[in-house]
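Working notes, structure below.
In the UniProt record's numbering, the protein residues as written are 1 to 311.
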């Protein structure tokens with residue numbers, strides 16, 4: 001059995017417009033990489049972190065990947081097992097792309113692999129969620145779920161935890177544009193209203209059901225009509241400069257829909273072919289560039305693999 005492993009875990013788009021805290025899907029890139037090695041010294045030690053500009057803690061109990069591994073070892077009764085870890089962040093912090101989730105998933109997936117897979121992949125989810133709790137104070141699964149399991153997931157319930165994977169059309173492509181600004185996840189949650197109208201609740205429920213049906217049929221027109229958020233987007237969009245212009249540019253260039261990725265500032269769009277997805281990406285970047293905001297663009301299908309062992 002190997003004593004060292006290198007793992008990649010993908011970024012994710014959470015909420016997916018109408019599905020606040022219950023929808024999420026994985027993309028091919030960006031993501032995070034972890035090198036994990038068994039150690040003769042008890043405990044989890046983070047040797048170095050790259051790509052975080054020195055902002056992330058090296059103390060394992062305060063790091064999303066570190067705490068996920070610690071909780072995993074406690075659960076399987078292997079607290080005497082030691083690990084050394086190197087983490088490489090391949091996406092911006094505070095981007096709305098599930099950066100903390102990808103680290104947590106990569107860490108606990110790597111530990112499970114090195115110890116001979118004592119748990120199924122799906123059973124690793126609660127430990128990855130512990131990483132999310134460390135990162136933003138809420139153990140939500142709409143990022144860690146798709147990063148760990150791949151594909152498009154629905155979080156039907158948190159108590160008990162009940163997660164469903166949905167089929168999505170093979171021709172469906174995601175465009176993600178990350179503008180060079182930062183939105184803090186805690187701040188983005190704190191500005192949300194605690195009560196919503198019955199009218200908006202009914203509209204949102206219809207869109208949630210419509211999006212699921214659109215994927216399953218598949219029906220692109222139904223997907224497009226359902227990619228509408230009447231509760232969260234109107235509030236969070238004020239944190240993203242040029243939001244309306246960028247969204248309109250995506251729709252005018254053929255996107256099925258466009259909204260905020262996670263808590264932002266990244267924005268995502270869904271399209272029914274690769275050519276359109278690339279055209280949409282350019283239009284969205286141009287929208288930010290008009291006011292001098294640089295950005296990165298990522299285009300991919302819906303990642304069905306989740307975390308993978310590298311080399």
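In this text, a Cβ means the ideal position worked out from N, Cα and C, and glycines have one as well.
Could you give the distance in angstroms between the alpha-carbon of residue i and the alpha-carbon of residue j?
i: residue 30; j: residue 90; result: 6 Å
i: residue 32; j: residue 127; result: 17 Å
i: residue 120; j: residue 75; result: 13 Å
i: residue 265; j: residue 80; result: 41 Å
i: residue 253; j: residue 122; result: 38 Å
i: residue 175; j: residue 40; result: 44 Å
i: residue 237; j: residue 17; result: 12 Å
i: residue 214; j: residue 149; result: 21 Å
i: residue 59; j: residue 13; result: 28 Å
i: residue 97; j: residue 198; result: 30 Å
i: residue 189; j: residue 232; result: 10 Å
i: residue 144; j: residue 297; result: 22 Å
i: residue 204; j: residue 271; result: 21 Å
i: residue 54; j: residue 43; result: 22 Å
i: residue 180; j: residue 290; result: 13 Å
i: residue 273; j: residue 78; result: 47 Å
i: residue 132; j: residue 46; result: 18 Å
i: residue 72; j: residue 61; result: 12 Å
i: residue 349; j: residue 284; result: Here the chain has residues from 1 to 311 only, and residue 349 is not among them.
i: residue 82; j: residue 219; result: 50 Å
i: residue 152; j: residue 100; result: 18 Å
i: residue 307; j: residue 111; result: 12 Å
i: residue 249; j: residue 200; result: 26 Å
i: residue 56; j: residue 184; result: 14 Å
i: residue 10; j: residue 194; result: 31 Å
i: residue 278; j: residue 292; result: 21 Å
i: residue 282; j: residue 255; result: 12 Å
i: residue 19; j: residue 140; result: 13 Å
i: residue 242; j: residue 162; result: 37 Å
i: residue 170; j: residue 52; result: 34 Å
i: residue 116; j: residue 2; result: 9 Å
i: residue 206; j: residue 6; result: 42 Å
i: residue 156; j: residue 244; result: 30 Å
Based on Cα-Cα distance, which residue from the options lies nearest to residue i?
i: residue 93; options: 182, 223, 300 and 241; result: 182
i: residue 261; options: 240, 245 and 248; result: 240
i: residue 154; options: 15, 176 and 286; result: 15
i: residue 303; options: 207, 172 and 109; result: 172
i: residue 276; options: 267, 251, 259 and 286; result: 251
i: residue 69; options: 38, 50 and 51; result: 38
i: residue 196; options: 180, 114, 162 and 229; result: 229
i: residue 49; options: 83, 151 and 88; result: 88
i: residue 208; options: 22, 72, 194 and 285; result: 22
i: residue 223; options: 249, 257, 244 and 242; result: 257
i: residue 105; options: 124, 299 and 218; result: 124
i: residue 226; options: 211, 19 and 67; result: 211
i: residue 300; options: 235, 269 and 292; result: 269
i: residue 27; options: 244, 57, 168 and 19; result: 168
Classify residue i: buried if its beta carbon has 16 or more other beta carbons within 10 angstroms, exposed otherwise.
i: residue 202; result: exposed
i: residue 192; result: exposed
i: residue 4; result: exposed
i: residue 159; result: exposed
i: residue 130; result: buried
i: residue 64; result: buried
i: residue 142; result: buried
i: residue 103; result: buried
i: residue 287; result: buried
i: residue 332; result: No answer is possible for residue 332: it lies beyond the span of the chain, which begins at 1 and ends at 311.
i: residue 216; result: exposed
i: residue 305; result: exposed
i: residue 95; result: buried
i: residue 107; result: buried
Since I believe residue j is in contact with residue i (beta carbons under 8 Å), could you give me their beta-carbon distance rounded to a whole number of angstroms?
i: residue 310; j: residue 8; result: 5 Å
i: residue 295; j: residue 177; result: 5 Å
i: residue 146; j: residue 25; result: 5 Å
i: residue 85; j: residue 34; result: 6 Å
i: residue 134; j: residue 67; result: 5 Å
i: residue 267; j: residue 246; result: 6 Å
i: residue 166; j: residue 114; result: That pair is no contact at about 31 Å.
When every heavy atom of the ligand HEM is checked, does at least one fall within less than 7 Å of the C-beta of residue i?
i: residue 180; result: By its list of ligands, the structure shown contains no ligand whatsoever, and the ligand HEM lies outside what it can speak to.
How about residue i: is its C-beta nearer than 8 Å to some C-beta of chain C?
i: residue 162; result: Of the protein chains in the structure, only one exists, and it is not chain C.
Uninterrupted alpha helix (DSSP H) stretches inside the stretch 33-80 (no shorter than 4 residues): Annotation: the stretch 33-80 contains the following complete segments of the alpha helix (DSSP H) (minimum length 4 residues), in chain order: 64-75.
In chain order, which continuous runs of the beta strand (DSSP E) of length 3 or greater are located wholly inside the stretch 154-199? 161-166 and 173-179
Could you tell me which whole alpha helix (DSSP H) segments of length 4 or greater appear in the stretch 217-277? With a minimum length of 4 residues, the continuous alpha helix (DSSP H) runs that stay inside the stretch 217-277 are 220-226, 233-236 and 243-252.
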